[in-house]
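>
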Amino acid sequence: MKHQEFLLDLWTNFPDILDNYQEHVKDQFVVTIPRDALPSVAKHAVNQLGGRLVISVATDMRQKTNDFRVSYIISFDEHKKFLVLQSHVPTDDLRVPSITPEVPAANWTEREAFDLLGVTPVGHPDQRRLVLSDDFPNGIHPLRKEFTYNQRFPFEPQNAPPHMEAPEGTTVIPLGPFYPVLEEPACFRLFMDGEKVVGSDYRGFYNHRAIEKLGDSELNYNQIPFVAQQICGICGQVHSCGYCQAVEDAVGIEVPMRAKYIRSLLLELERIHSHLLWVGLAGHIIGFDTILMQVWRIREPVMWLMERITGNRKHYSSNLIGGVRFDIDESAAEDIRRVLDKVEEELKAVADAVVIDTTLMARLKGVGILTEENARALGTVGPTARGSNVAIDSRVDHPYAAYKELGTQIQVQDGCDSWARTLVRVLELFESIRLVRKTLDDMPGGPVMADIDHSLPYGKIGLCSVEAARGEAHHYILSGDENRPYRWRVRAPTYQNLQAVGCMIEGLQLADVPISIGSFDPCFSCTERVETLDVNTGKVRIYTQEELEKLCRNKE
Amino acid sequence: MFKAKFKEAVICLGAGRVTLPYPFEPVQVPAKFRGKIKFDARKCIGCGGCANVCPPRCIVIEDMGEVSRIMFHLDRCIQCARCFEVCPEDAIWPTDAFETATPDKADLKSEMTLWMATCQRCGRCFEYDNVIDKFASKRWRGRGPGDENKHGSFPTKPPLDFVMPTSLVKESEESL
Amino acid sequence: MISDLCKKMFPKSLWLYHTNCGSCNGCDIEVIDVLTPYYDVERFGMKLVGSPRHADALVVAGPVSRQVAPALRRLYEATPNPKVVIAVGACSVGGNIWFDTYNVLGGVDTVIPVSMYIPGCPPRPEAIVYGAALALGLVPKKVAAQKEEHLPEGFDLEAYLKGWEETPIVYPGRI
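Residue numbers (the numbering used here), protein chains in the order written: chain A, 8 to 563; chain B, 315 to 490; chain C, 150 to 324.
1) Looking at the secondary structure, which residues open and close the beta strand (DSSP E) in which W164 (chain C) lies?
2) W303 (chain A) to L276 (chain A), Cα distance in whole Å?
3) What residues in the segment 320-332 of chain A bring their beta carbon closer than 8 Å to a beta carbon of chain C?
4) Less than 8 Å between the beta carbons of I235 (chain C) and L254 (chain C), yes or no?
5) Chain B beta carbons: is any one of them nearer than 8 Å to that of Q70 (chain A)?
6) Less than 6 Å between C-beta atoms, sequence neighbours within five positions excluded: which residues of the same chain meet that for V400 (chain B)?
7) For F412 (chain B), return the contacting residues in chain C, with the cut-off set at a CB-CB distance below 9 Å.
8) Starting from the C-beta of V341 (chain B), find all residues in its chain whose C-beta is less than 8 Å away, skip the five residues before and the five after it, and write them out in chain order.
9) Taking DSSP as the reference, what is the three-state secondary structure of I241 (chain A)?
10) Relative to the C-alpha of M310 (chain A), which residue among A:H280, A:D84, A:E225, A:L470 is closest?
11) Going by beta carbon distance, what residues of the same chain come within less than 7 Å of G394 (chain A), once the five residues before and after it are set aside?
12) The alpha helix (DSSP H) that contains K418 (chain A), what's its start and end?
13) Is there a Cβ from chain C that is less than 8 Å from the Cβ of R304 (chain A)?
14) For V326 (chain C) and chain B, any beta-carbon pair shorter than 8 Å?
15) Let's see if you can read the secondary structure: which residues bound the alpha helix (DSSP H) around S439 (chain A)?
16) Could you please give the first and the last residue of the uninterrupted alpha helix (DSSP H) stretch that includes L139 (chain A)?
17) Check whether the segment 483-502 of chain A touches the segment 458-469 of chain A, taking contact to mean three or more Cβ pairs, one atom from each stretch, closer than 8 Å.
18) State the Cα-Cα distance for the pair L90 (chain A) and A507 (chain A), rounded to the nearest angstrom.
19) What are the residues of the segment 278-302 of chain C that lie near chain B, defined by any Cβ-Cβ distance shorter than 9 Å?
20) Got a sec: is the Cβ-Cβ distance from A220 (chain C) to anything in chain A below 8 Å?
21) Decide if R536 (chain A) is buried, meaning its Cβ has at least 16 other Cβ atoms within 10 Å, or exposed.
22) What's the C-alpha gap between V198 (chain C) and V183 (chain C)?
23) Spatial neighbours of T168 (chain C) within its chain, please: CB distance less than 6 Å, with the 5 preceding and 5 following residues excluded, ordered by chain position.
24) Excluding the 5 residues preceding and the 5 following C242 (chain A) in the sequence, name in chain order all residues of the same chain whose CB lies nearer than 6 Å to its CB.
25) Would you say A355 (chain B) reaches chain C, if we count a Cβ-Cβ gap shorter than 8 Å as a contact?
26) Does G330 (chain A) come out as helix, strand or coil in the three-state DSSP assignment?
27) Would V324 (chain B) count as contacting chain C if we go by Cβ distances under 8 Å?
28) Pairs of beta-carbons, one from the segment 425-440 of chain B and one from the segment 297-309 of chain C, closer than 8 Å: are there three or more?
29) Quick check: the segment 365-384 of chain A against the segment 500-518 of chain A, are there 3 or more CB pairs under 8 Å?
30) Who are the neighbours of I235 (chain C) on chain F, taking C-beta pairs under 8 Å?
31) Taking 6 Å as the limit between beta carbons, can you name the residues of its chain near L5 (chain A), skipping five residues before and five after?
32) Who are the Cβ neighbours of F248 (chain C) in its own chain at under 6 Å, not counting the five residues just before and after it?
33) Which residues, in order along the segment 206-217 of chain C, keep a beta-carbon less than 8 Å from a beta-carbon of chain A?
34) Is V234 (chain A) closer than 8 Å to K222 (chain A) when the C-beta atoms are compared?
35) Is the Cβ of L224 (chain C) closer than 8 Å to any Cβ of chain B?
36) Please classify P219 (chain C) as buried or exposed, where buried requires at least 16 neighbouring CB atoms within 10 angstroms.
The following block contains the structure:
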């Protein structure tokens with residue numbers, strides 16, 4: 008569908024509300040509408056036109072246009088287009104009608120706009136603080152331009168948001184915030200009726216490090232790729248590429264083809280090591296340590312390879328605006344092929360053994376079901392969605408770097424449970440190995456860095472979706488003066504997928520909760536140390552790792 | 315099921331013993347590895363290029379008229395080697411040192427003191443026009459362009475003393 | 150001092166409790182990597198335990214944010230004495246890029262006392278093994294601060310700095 012037909016459809020259904028529209032870059036277009044029309048237009052775009060809400064961005068535009076601006080980014084995956092619904096919010100009346108009742112995927116992003124900027128979503132079902140710490144003073148909204156990034160605010164622990172009410176007759180089990188194995192701290196409160204989970208509440212954002220504030224007030228355009236890569240240790244290249252590509256698209260910098268191929272190469276190598284990591288961890292969660300040790304043994308040569316070609320095992324520090332910092336020469340290409348041949352051979356042996364293992368299947372099949380309807384409504388992305396028959400993949404829907412030339416095959420399963428997600432990841436591993444080989448075969452010659460001879464102008468919008476191992480990571484840039492962006496918004500894939508955990512773990516037994524949470528590969532994996540509180544008798548019992556593992560193993 | 319377990323056993327046994335002999339034998343790092351950085355004071359010209367591009371703002375330059383002191387806070391260095399990339403004189407470079415563990419954080423704070431040359435036209439060092447601008451800029455270089463007069467900039471205000479919330483203290487005392 | 154304490158108290162091996170207080174997971178994966186077959190720290194008797202009450206050493210990665218600070222302090226107090234705290238990665242040593250933002254208190258030593266710092270982003274698994282061996286006194290320390298000066302012959306730095314503090318715009322011996 009051409010974009011004129013899109014706008015024609017919107018104009019026909021909402022004749023007098025579109026103030027103006029602009030098309031920034033090829034398939035990304037921006038329409039400005041009055042704020043009261045946001046719920047109906049968003050609902051029409053998501054339900055009738057088949058869109059998917061990606062993220063919403065609230066910006067403090069008082070320095071330029073004396074008001075605030077709220078933008079909702081909607082992706083049309085089949086037609087490969089982005090639509091940005093923008094509206095202006097006057098400074099003295101910072102309220103926006105919430106679109107969450109119509110589009111449930113917007114739940115967290117509207118709470119975050121309220122928390123960090125003070126834009127209240129009217130009609131939102133859950134208006135608690137989301138991101139800032141529990142002891143942050145009320146009324147301080149750090150992303151506003153008058154706050155410097157390094158101010159210190161006093162500790163006020165009485166401002167903690169209230170906990171969600173547990174349903175009648177249930178026990179509350181808190182999981183978190185510290186687990187002994189590899190995760191970010193996060194706190195799930197499970198409401199249990201006997202052994203079954205009937206509901207949950209989640210308190211996260213223990214590692215809010217003020218990255219967006221650093222990006223728009225302290226760091227330059229070329230310092231931000233290094234901050235972006237440290238958002239996540241396993242998807243560092245993804246965020247760094249996403250930011251650079253968003254800026255390059257916004258201001259129209261033409262990246263050389265060879266640099267695009269090198270970016271795709273590093274992205275696929277990162278996907279290989281991330282999926283291998285996950286397979287090992289999933290085995291560890293269900294108590295099968297053999298898989299952990301063997302798969303990580305297979306994965307280690309990939310890490311050594313990355314150190315040889317980029318200089319570091321993770322955080323490759325390879326991207327700058329306009330290209331990459333180093334080149335891949337013939338000996339490096341030989342090295343990559345050799346390592347991948349060995350990895351593929353050993354991976355086939357492991358996959359053969361694992362796929363017929365009935366103990367594994369008994370633990371993973373039928374556990375953590377996410378129906379296709381829920382997956383679409385909550386906007387889940389990545390293998391979590393692809394395991395529930397939703398065929399979306401940013402490499403195909405919004406091609407970036409060299410993916411249009413490479414072509415990717417989307418791996419979809421329709422089991423809707425943890426086993427389906429496992430299969431999706433294993434198949435993607437083989438697909439990634441094929442893509443790396445194709446990249447090396449087709450790489451063109453030429454420079455690896457574009458020549459930028461002018462300073463970047465203010466006011467350009469850039470969007471970029473990059474497919475991480477966990478799903479689609481999205482970056483939104485509004486370019487600014489002073490050699491830094493005016494607003495930079497990052498949405499990691501786990502942000503959307505975590506909102507689906509609630510419906511994934513309902514009805515499960517306690518022993519199945521860790522692997523369900525681990526199966527969508529969040530940037531934290533599982534819960535290991537569980538503290539149970541029996542509200543009737545007030546007794547506290549601590550399950551240690553060994554006891555919980557025994558509970559998991561003795562389940563059947 | 316036994317077929318699967320047999321295959322897994324074959325994989326484990328077939329791998330053999332793969333453990334590296336570190337720390338009993340030294341290890342060779344690859345040529346491109348970016349370890350702890352090292353500088354050479356005789357080559358440095360005090361231009362501040364490294365300070366401008368360092369993402370964690372590890373490199374800070376204090377201008378004191380004829381003398382410049384350059385401080386490297388290597389405890390927060392992310393080893394990206396941007397300083398090496400932009401230095402016009404190759405005065406700073408990443409080495410292959412990765413065994414940088416220490417019980418004392420002062421081992422990670424390096425320092426360089428340089429004597430700065432004077433301008434051939436006016437005979438003086440680089441200096442702001444009046445004392446107000448000078449104190450407003452606090453004599454520090456190593457910020458992005460346009461940041462010199464921003465309030466709240468370097469040196470960072472010290473963090474508030476972290477005080478444990480009293481309710482949690484009581485709870486943990488009772489449980490112990 | 151730490152190595153003497155370790156030699157006295159831990160004649161056999163160290164049990165580690167690993168925690169992430171807000172990091173990007175890079176350092177956490179390197180800590181888990183240290184257990185995998187290529188580096189295999191379990192041959193020295195070190196293992197990860199599931200509860201801080203069983204632990205001799207706390208291995209902490211990540212900058213301390215305001216939200217996680219009370220939990221980290223409780224974790225430290227729950228670990229019985231004698232204990233050793235090892236801070237892994239640039240985030241926990243010095244706060245990394247966000248050391249001075251509004252939601253981050255800084256490195257781990259703003260909340261709990263640290264015995265061993267292992268910088269790097271992320272540190273290699275060999276560097277973590279080296280740090281643990283240094284804590285036990287098995288290897289010598291290799292890093293030292295580099296302090297260099299490039300001043301003319303006979304230049305009196307202390308006098309110059311003293312004069313600079315008193316009257317900031319001073320050019321001794323100049324126009």
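Think of the CB as a built atom: it goes at the ideal place given N, C-alpha and C, for glycine as much as any other residue.
This is what the structure holds:
1) As a position in the third sequence, residue 164 (chain C) is number 15, starting the count at 1. From DSSP, the beta strand (DSSP E) with W164 (chain C) extends over 164-169.
2) On the first sequence, residue 303 (chain A) is found 296 positions in, with the first residue counted as 1. On the first sequence, residue 276 (chain A) is found 269 positions in, with the first residue counted as 1. Spanning the two alpha carbons is a distance of roughly 15 Å.
3) Residues of the segment 320-332 of chain A with a C-beta atom less than 8 Å from some C-beta of chain C are R320, K321, H322, listed in chain order.
4) As a working mapping, residue 235 (chain C) is identified with position 86 in the third sequence. As a working mapping, residue 254 (chain C) is identified with position 105 in the third sequence. No, they are not a contact pair.
5) By 1-based counting over the first sequence, the position of residue 70 (chain A) is 63. Chain B, which has no Cβ nearer than 8 Å to the Cβ of Q70 (chain A), makes this no.
6) Here residue 400 (chain B) refers to the residue found at position 86 of the second sequence. Counting only Cβ-Cβ distances below 6 Å, and skipping sequence neighbours, we find G363, V367.
7) Within the second sequence, residue 412 (chain B) is the residue found at index 98, counting from 1. Going along chain C in sequence order, the residues near F412 (chain B) (Cβ under 9 Å) are G269, P272, R273, E275, A276, Y279.
8) As a first step, residue 341 (chain B) must be located in the second sequence, where it is residue number 27. Closer than 8 Å at the Cβ level, and outside the excluded window around V341 (chain B), lie L334.
9) What you label residue 241 (chain A) is simply residue 234 of the first sequence in a count that begins at 1. It is coil, neither helix nor strand.
10) In the first sequence, the residue the question calls residue 310 (chain A) occupies position 303. With distances taken between Cα atoms, M310 (chain A) lies closest to A:H280.
11) The residue given as residue 394 (chain A) occupies position 387 in the first sequence. Result list for G394 (chain A): Q420, G422, C423, A427, R428, V431, in chain order.
12) Here the question's residue 418 (chain A) lines up with position 411 in the first sequence. Note on residue identity: the sequence assigns Gln, not Lys, to residue 418 (chain A). Note, Q418 (chain A): premise wrong, no alpha helix (DSSP H); not H, not E.
13) Sequence index remark: in the first sequence, residue 304 (chain A) carries index 297 (1-based). Yes, R304 (chain A) lies at the interface with chain C (some Cβ there is under 8 Å from its Cβ).
14) Coverage of chain C is limited to positions 150 through 324, which leaves residue 326 (chain C) absent and any answer about it impossible.
15) The residue labelled residue 439 (chain A) in the question sits at position 432 within the first sequence. S439 (chain A) -> alpha helix (DSSP H) spans 425-449.
16) Within the first sequence, the letter at position 132 stands for residue 139 (chain A). Per DSSP, L139 (chain A) lies in no alpha helix (DSSP H) segment and is marked neither H nor E.
17) yes
18) As a first step, residue 90 (chain A) must be located in the first sequence, where it is residue number 83. As a first step, residue 507 (chain A) must be located in the first sequence, where it is residue number 500. Cα to Cα, L90 (chain A) sits roughly 24 Å from A507 (chain A).
19) V278, Y279, G280, A281, A282, L283, A284, L287, V288, K290, K291, V292, A293, A294, Q295, K296, E297, E298, H299, L300, P301
20) Translated into positions along the third sequence, residue 220 (chain C) becomes position 71. Yes, its Cβ sits closer than 8 Å to a Cβ of chain A.
21) Residue numbering aside, residue 536 (chain A) sits at position 529 when the first sequence is read from its first letter. In this prediction, R536 (chain A) scores a pLDDT of 28, lower than 50, which makes its location untrustworthy; the coordinate-derived value is nonetheless stated afterwards. Label assigned to R536 (chain A): buried.
22) As a position in the third sequence, residue 198 (chain C) is number 49, starting the count at 1. As a position in the third sequence, residue 183 (chain C) is number 34, starting the count at 1. The alpha-carbon atoms of V198 (chain C) and V183 (chain C) are separated by roughly 14 Å.
23) Locating residue 168 (chain C) in the third sequence gives position 19, where the first residue counts as 1. Only V209 meet the Cβ criterion.
24) Taking the first residue of the first sequence as 1, we reach residue 242 (chain A) at position 235. A475.
25) Here the question's residue 355 (chain B) lines up with position 41 in the second sequence. Yes, A355 (chain B) lies at the interface with chain C (some Cβ there is under 8 Å from its Cβ).
26) Locating residue 330 (chain A) in the first sequence gives position 323, where the first residue counts as 1. Correct three-state label for G330 (chain A): strand.
27) As a first step, residue 324 (chain B) is located in the second sequence; it is residue number 10 there, counting from the start. Not an interface residue.
28) With a cut-off of 8 Å, the segment 297-309 of chain C and the segment 425-440 of chain B count as touching, because enough Cβ pairs lie within range.
29) These segments touch.
30) Looking for chain F here will not work: the only protein chains present are A, B and C.
31) The question about residue 5 (chain A) has no answer, for chain A in this structure spans 8 to 563.
32) To locate residue 248 (chain C), count along the third sequence from 1; it is residue 99. Result list for F248 (chain C): G255, in chain order.
33) G211, P212, S214, R215, Q216, V217
34) For this step, residue 222 (chain A) is matched to residue 215 along the first sequence. For this step, residue 234 (chain A) is matched to residue 227 along the first sequence. Correcting the residue type first, residue 222 (chain A) is Gly in the shown sequence and not Lys. Taking 8 Å as the Cβ cut-off, G222 (chain A) and V234 (chain A) qualify as a contacting pair.
35) Walking along the third sequence from the start, residue 224 (chain C) turns up at place 75. For L224 (chain C), the answer is no, since every Cβ of chain B falls outside 8 Å of its Cβ.
36) Here residue 219 (chain C) refers to the residue found at position 70 when the third sequence is read from its first residue. Classification for P219 (chain C): buried.
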